[in-house]
Amino acid sequence: MSTKSVCLIVTAEVTATTFYRGYLAYLRRSGWDVTLIASSDGNLEELGHSEGVQVVNVPMRRDPSPGDDLVSLVRLFKQLKRLKPDVVVTATPKAGLLGTLSALLARVPVRVYQLWGIRFETETGPKRAMLKLLESWSIRFSTQVVANSDSLARRAADLGLLGRKQTVVLGPGSSHGVDLERFSADAEFPTVDSATAKFLARRPSALVIGFVGRVHPDKGIRTLLQALEICARQALDVRLLVVGAFESADVVTQIEQSQIETHLVGSVDDTRPYLRAMNIHCLPTRREGFPNVVLEAAAMGLATVASDATGAIDSVVDGETGLLFVTDDAESLARAITRLAVDKDLRSRLGTRARAHVEANFKREKIWSLQEANLSGHLAERVAS
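Residue 311 in the numbering used here sits at position 81 of the sequence shown, and the numbers go up by one each step.
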């Protein structure tokens, strides 16, 4: 029996490192010949070596750039003609479009587009129309669309993206699950940085409300600040810990001008010590695919207050593993934070249940197994037809 071959394409190396580390080796052990294509920041070879797979650097820009995109498309096409994979798996908007189109042109029989979110969902005007068109092309050029949450699949259908295609959601969703040994309150990991340690030590009695993610308008940080100001007016002693890359100067300015005591950590390699420092984890996002940070917080025994936005709503079992609030509604978020802030036992119960929930449903090996089985099954169907 010949070896099955798969080529995974994402736009950026950091995405591959975050979402595919461990999974690439799992596919290889499952009998696949694996190649990863991404735009390298200098560490793509290290990832390939550690996973035991071939890697190829094809520069791709995240934002639309017709000239550069055409060059990337030609390079992808040439690589796929050389590799002749049985399956191409693409994810992220730019790699989704260029990867599925180049795979179609190279006559790759199986083209799986992993839908991890709808970027245009929070856009307006011409940019929204353009991004929607590009997303619809990625779907059209694929042979299968795999959404990483039920609400995302429904939203894609509601927005008219799918045409005649049906999305597949594997098991409970999620793009890659969570490493339960790494994300555990019992694991050994470093302490927070010195500046964060000083921030935490100044008022140890204050509740630490935490956010982990891109500092970007789509993440709803303005709503979180407004909610915390409501909490403060109700005499709740709260402060905010923000962990993640600064992608919007406007949002950083909003944070700096807020009356809430806030510490900006920036991007970190290991979020675990920061999650451990939080009393309540908040995800006030306006759109997601499936937020893995909620699973990571849950694995650490930390309850999350999340919006009911696309994708986020799938990550929390309301009243069991955390609380949901109405997207963009600061008063709704303030009520949820207050409920957990005044009830330490409830926070503890939700955190314990959150850990049990991810253990039962989101162990990364379980998610990998579902994904590998889907690839094998879809390949067999295409070959048979």
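A virtual CB, placed ideally from N, CA and C, is assigned to each residue, including glycine.
About 17 Å separates the beta carbon of Gly-450 from that of Asp-544, a gap too long to meet the 8 Å contact definition. Within the same chain, Cβ atoms closer than 6 Å to the Cβ of Ala-527 are found at Leu-505, His-511 and Thr-534, the five residues on either side in sequence being excluded. Pairing Arg-469 with Thr-492 gives a Cβ-Cβ distance under 8 Å. Relative to Glu-611, the option among Val-244, Arg-341, Ser-280 and Arg-291 whose CA is nearest is Arg-341. Per DSSP, reduced to three states, the secondary structure at Gly-496 is strand. In this chain, the beta strand (DSSP E) harbouring Ser-235 covers 234 to 242. The distance from the Cβ of Thr-352 to that of Thr-245 is about 20 Å, inconsistent with a contact at the 8 Å cut-off.
When rounded, the separation of the alpha-carbon atoms in Arg-585 and His-446 is 28 Å. DSSP places Leu-300 in the helix class (H, G or I) of the three-state scheme. Rounded to whole angstroms, Leu-331 and Leu-392 show a C-alpha spacing of 16 Å. Within the same chain, Cβ atoms closer than 7 Å to the Cβ of Val-524 are found at Leu-513, Thr-534, Ala-536, Ser-545 and Val-546, the five residues on either side in sequence being excluded. The DSSP-derived three-state label of Ile-451 is helix.
Note that the C-beta distance between Ala-507 and Pro-521 is not below 8 Å. Between the alpha carbons of Ala-268 and Thr-483 lies a gap of roughly 33 Å. In the structure shown, Ile-439 adopts extended strand secondary structure according to DSSP, grouped into three states. Distance from the CA of Val-472 to the CA of Ile-567, rounded to the nearest whole angstrom, comes to 16 Å. Counting other Cβ atoms within 10 Å of its Cβ, Arg-412 stays below 16 and is therefore classed as exposed. In the DSSP assignment, Leu-257 falls within the alpha helix (DSSP H) that extends over 253 to 259. The beta-bridge partner set that DSSP reports for Tyr-343 consists of Thr-320 and Val-375. Taken through DSSP and simplified to helix, strand or coil, Lys-593 comes out as strand.
Residue pairing for Leu-274: DSSP places it in no beta bridge. By the Cβ criterion, the stretch 389 to 407 is in contact with the stretch 592 to 606, since at least three pairs of Cβ atoms, one from each stretch, lie closer than 8 Å. When beta bridges are read from the DSSP output, Asn-287 appears opposite Ala-268.
With a cutoff of 8 Å on beta-carbon distance, Leu-389 and Leu-563 are scored as not near each other. CA-CA distance, Ser-379 to Gly-496, rounds to 28 Å.
Sorting Val-317, Phe-476 and Ile-460 by C-alpha distance to the C-alpha of Gln-374 places Val-317 at the top. Beta-bridge partners assigned by DSSP to Ser-537: Phe-555.
Checking the DSSP bridge columns, you'll see Cys-512 partnered with Val-535. Residue pairing by DSSP places Leu-313 opposite no residue, since no beta bridge is assigned to it.
In the DSSP annotation of this structure, the continuous segment of the alpha helix (DSSP H) that includes Leu-430 starts and ends at 424 to 432. Straight-line measurement puts the Cα of Gly-581 at about 10 Å from the Cα of His-587. With contacts defined by Cβ atoms closer than 8 Å, Leu-363 and Leu-328 do not form a contacting pair.
CA-to-CA, the gap between Gly-474 and Ser-488 works out to about 18 Å.
Cβ contact annotation for Ala-377 (same chain, cutoff 6 Å, sequence separation greater than five): Leu-345, Ala-383, Thr-397 and Val-399, in chain order.
With fewer than 16 neighbouring CB atoms inside 10 Å of its own CB, Arg-433 falls in the exposed class. Distance from the CA atom of Ser-366 to the CA atom of Asp-293, rounded to whole angstroms, is 16 Å.
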